[in-house]
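For the protein sequence lines, the chains are A and B, in the order given. The opening residue of the first sequence carries number 55 in the working numbering; numbering runs sequentially from there. The opening residue of the second sequence carries number 130 in the working numbering; numbering runs sequentially from there. Here the structure is laid out as structure tokens; the discussion comes afterwards.
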Amino acid sequence: GDQVEQSPSALSLHEGTGSALRCNFTTTMRAVQWFQQNSRGSLINLFYLASGTKENGRLKSTFNSKESYSTLHIRDAQLEDSGTYFCAAEANSGGSNAKLTFGKGTKLSVKS
Amino acid sequence: GPKVLQIPSHQIIDMGQMVTLNCDPVSNHLYFYWYKQILGQQMEFLVNFYNGKVMEKSKLFKDQFSVERPDGSYFTLKIQPTALEDSAVYFCASSFYAEQFFGPGTRLTVL
């Protein structure tokens, strides 16, 4: 089965509201990255976490390796936040340039 | 943030032809990767590359695929010969150590 289970698959928010995206891991991961894929298909780096919580503007992400999950919180959503959000994780057994295993993505639509 | 460039952005070729996808990684990065994304699906790892060698490859990295980075120039993915199922967007990534940065992708269409 999938090593990275991402939910929800789709999310609709009104401007100014917020929500959380989650990734559960079925194997021990040592780090996680979160990306936004915009309408042109480009992947924008949002966070890299080996543990703990990071915050950047209206976004906050947490990675708990022991409990095998990561979350991405979006608050005060804006129209430009629309896109597909992916989590991607490095397995603990990998070397220093371990591959990323991606979730299936969350398609976020922000409406006015 | 750090920029990875990919050339071309689109490529259309006939099945059986050879294609080379080019990646210009971030200048001081040491590790290089290729990923494949079929339309509407998740990104899947193909291969990673360090110090002139393939370190790990997935089952998607068929015998028809090869990678190289001659003399610190472009990091390339060559497919020879191409098959219909190779149609996808191919993303290059690079990292100095762990955090990977992605290029904008090359959309490959095999007819």
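Glycine included, C-beta positions come from ideal geometry on N, C-alpha and C. Owing to the predicted nature of the structure, the values given are computational and were not obtained by experimental measurement.
Beta carbon of Gln-171/B nearer than 7 angstroms to that of Thr-211/B: Taking the second sequence and counting its residues from 1, the one referred to as residue 171/B is at position 42. Taking the second sequence and counting its residues from 1, the one referred to as residue 211/B is at position 82. One thing to note: Gln-171/B has its Cβ no nearer than 7 angstroms to the Cβ of Thr-211/B.
Residue-chain proximity (Phe-204/B, chain A), Cβ-Cβ < 7 angstroms: Numbered from 1 along the second sequence, position 75 holds the residue referred to as residue 204/B. Not closer than 7 angstroms to any Cβ of chain A, the Cβ of Phe-204/B fails to qualify, so no.
Cβ neighbours of Val-164/A in the same chain (closer than 7 angstroms, five flanking residues each side left out): By one-based count along the first sequence, residue 164/A stands at place 110. Around Val-164/A: Leu-67, Glu-69, Ala-131, Gln-132, Leu-133, Asp-135, Ser-136.
With a 10 Å radius around its C-beta and 16 neighbouring C-beta atoms as the bar for buried, classify Gln-229/B as buried or exposed. The residue you call residue 229/B lines up with position 100 of the second sequence. Under this definition Gln-229/B is a buried residue.
Mind checking the segment 226 to 239 of chain B against chain A and listing, in chain order, the residues whose C-beta falls within less than 9 angstroms of any C-beta there? For the segment 226 to 239 of chain B, the set of positions with a beta-carbon nearer than 9 angstroms to some beta-carbon of chain A reads Tyr-226, Ala-227, Glu-228, Gln-229, Phe-230, Phe-231, Gly-232, Pro-233, Gly-234, Arg-236 in chain order.
Quick check on the DSSP output: the beta strand (DSSP E) that includes Thr-116/A runs from which residue to which? As a first step, residue 116/A must be located in the first sequence, where it is residue number 62. 113 to 118 is the span of the beta strand (DSSP E), which, as asked, contains Thr-116/A.
Tell me which residues of the segment 56 to 88 of chain A have at least one Cβ-Cβ distance to chain B shorter than 7 angstroms, keeping chain order. The segment 56 to 88 of chain A vs chain B, Cβ under 7 angstroms: Ala-85, Gln-87.
Report the residues of the segment 144 to 155 of chain B with a CB closer than 8 angstroms to any CB of chain A, ordered along the chain. Correct list: empty, as no residue qualifies.
Can you find the residues in the same chain that come closer than 6 angstroms, C-beta to C-beta, to Arg-129/A, ignoring five residues on each side of it along the sequence? The count along the first sequence starts at 1 and reaches residue 129/A at position 75. So the qualifying residues of the chain are Gly-72, Arg-112.
Against chain A, with Cβ distances strictly below 7 angstroms, would Phe-174/B count as a contact? Locating residue 174/B in the second sequence gives position 45, counting from the first residue. Yes, because at least one Cβ of chain A sits closer than 7 angstroms to the Cβ of Phe-174/B.
Of the choices Asp-215/B, Pro-137/B, Lys-188/B, whose alpha-carbon is the least far from that of Thr-205/B? Counting from 1 along the second sequence, the entry for residue 205/B is found at position 76. For Thr-205/B, the closest of Asp-215/B, Pro-137/B, Lys-188/B by C-alpha to C-alpha distance is Pro-137/B.
What residues in the segment 189 to 221 of chain B have a beta carbon less than 9 angstroms from any beta carbon of chain A? Correct list: Val-218, Phe-220.
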